[in-house]
Amino acid sequence: MSDLAVRIQQPGGPEQMQLVPVEVGEPGPGELRIRHVAVGLNYIDVYHRNGVYPLPMPAGIGMEAAGFVEAVGEGVTHLKPGDRAAYASQPPGAYCTARVMPARCVVRLPDEISFETGAGMMLKGLTAQYLLRRTLPQGGLHAGDFVLFHAAAGGVGLIACQWARLLGLRLIGTAGSDEKCQLALDAGATHVINYRREDFAARVREITEGRGVKVVYDSVGADTWAGSLDSLAPFGLMASFGNASGVVPPVALGTLAAKGSLYLTRPTLFTHLATRESTQAMADELIEVVKSGAVRIHVDQRYPLAEVARAHRDLEARSTTGSGVLLV
Ligand SMILES: NC(=O)c1ccc[n+]([C@@H]2O[C@H](COP(=O)([O-])OP(=O)(O)OC[C@H]3O[C@@H](n4cnc5c(N)ncnc54)[C@H](OP(=O)(O)O)[C@@H]3O)[C@@H](O)[C@H]2O)c1
């Protein structure tokens, strides 16, 4: 049987994703061939599909998966055929049964971690890692500090809640329903706000007794931008790392002065994954917190690869929680 991969011919709705037969060749230098068992679903896949993040067309899609290494190319020494492995990696193309890809961002998956968990944790968990451990305000973050984390019951969100608890941070989580708020609370948020019903910036001021938070981790984008700035303490850090509700419009820099000499960053995981050493160091931390049980990966949605369009509809309808995977 030939291999299958999802391809898009042009940006658009979920119906643009077509599962087609493909020939998967041999890995070249620095590459490997991996056979997937589970593929991670991420909101970035929606941006790739709908053109918010443009891709050269036709394009593959998907950036996270777990499976078995089948073959390695010249110069690849950290993995060998037969190894269990998982990755978050460029270029898009993970929605498939098997692929040839750069080996740099692929790491060994310990036997204790299932393929579903591996596929549900790499992109989202490495993101939570670089946000909470590397995207820090002046002076760093310390136990007891308040941070605000939007979409706290989502894939990145539920991991961040647990990791923040481990670090002793007081994470105020927002989410779009009371049920989602409860999930975030159970995962380690110290406070939750249903931002569909409540003015979250006003609630943050109440919770922090007027002081505001040291960092806002904002992946919602357009809808939360203004309220996020209003939630920050002076010299606070606005980490805008996504745009699920729409892209943030151009910013007048003077706003940052007026709101209290704020810092602003627009980070992406893939800068952090630029080298194998950095990827492995981040993955080691993630694997450790998952193996210890401090962070549990909530794989709350499972779909056959052929039902990828339904998976995207659910993501965009805000009806998912935690991580979702495509089963190959
Ligand atoms: N820059 C980076 O390095 C990086 C890396 C990974 C992920 N991200 C970003 O982080 C975010 C979370 O990623 P994820 O894959 O874990 O997704 P997710 O959080 O599981 O799903 C997105 C969530 O955003 C919330 N949301 C708010 N307004 C929305 C709207 N208008 N439409 C759709 N969703 C809306 C929804 O939660 P509520 O119903 O609770 O509001 C939804 O469940 C995404 O924006 C993603 O692009 C960025």
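Taken in order, the sequence shown gives residues 1 to 328; the numbers are from UniProt numbering. A virtual CB, placed ideally from N, CA and C, is assigned to each residue, including glycine.
Please report the distance separating the alpha-carbon of I172 from that of T190. Distance between the alpha carbons of I172 and T190: 6 Å.
Going along the chain, which residues of its own chain have a beta-carbon closer than 6 Å to the beta-carbon of S2, five neighbours each way excluded? Excluding positions up to five away in sequence, the list reads P21.
Could you check the C-alpha separation between R313 and K214 for me, to the nearest Å? Computed Cα separation, rounded: 34 Å.
C-alpha gap between R205 and D284, whole angstroms: About 36 Å.
Determine, using beta-carbon pairs with one atom in the stretch 300-311 and one in the stretch 271-279, whether at least three such pairs fall under 8 Å. Touching, no, given that fewer than three Cβ pairs across the two stretches are closer than 8 Å.
Backbone CA spacing between F200 and L19 [nearest angstrom]: C-alpha separation (whole angstroms): 41 Å.
Is it buried or exposed for L237, if we count other Cβ within 10 angstroms and need 16 for buried? That one is buried.
Taking 8 Å as the threshold (C-beta atoms), are V289 and L166 in contact? Going by beta carbons, L166 and V289 fall inside the 8 Å limit.
Between P27 and the rest of its own chain, which residues show a CB-CB distance below 7 Å, the 5 nearest in sequence each way excluded? The residues R33, A71, V72, G73, V100, in chain order, have a CB closer than 7 Å to that of P27 in the same chain once the five nearest residues on each side in sequence are set aside.
Measuring alpha carbon to alpha carbon, tell me which of I207, V69, L123 ends up nearest T279. The shortest C-alpha separation from T279 is found at L123.
How big is the Cα-Cα spacing for S219 and L131? Roughly 11 Å between the two C-alpha positions.
Within 8 Å (strictly less), CB to CB, does S319 reach chain C? Chain labels in this structure do not include chain C; a single protein chain is all it has.
Does DSSP put G118 in a helix, in a strand, or in coil? Helix.
Return the chain-ordered ranges of every beta strand (DSSP E) run that is complete within the stretch 152-231 and spans a minimum of 3 residues. Counting only runs of 3 or more, we get 170-175, 191-194, 213-218.
Please list, in chain order, all residues of the same chain as D178 whose beta carbon is under 7 Å from its beta carbon, the five residues on each side excluded. Excluding the 5 residues flanking it on each side, D178 has same chain C-beta neighbours closer than 7 Å at N194, in chain order.
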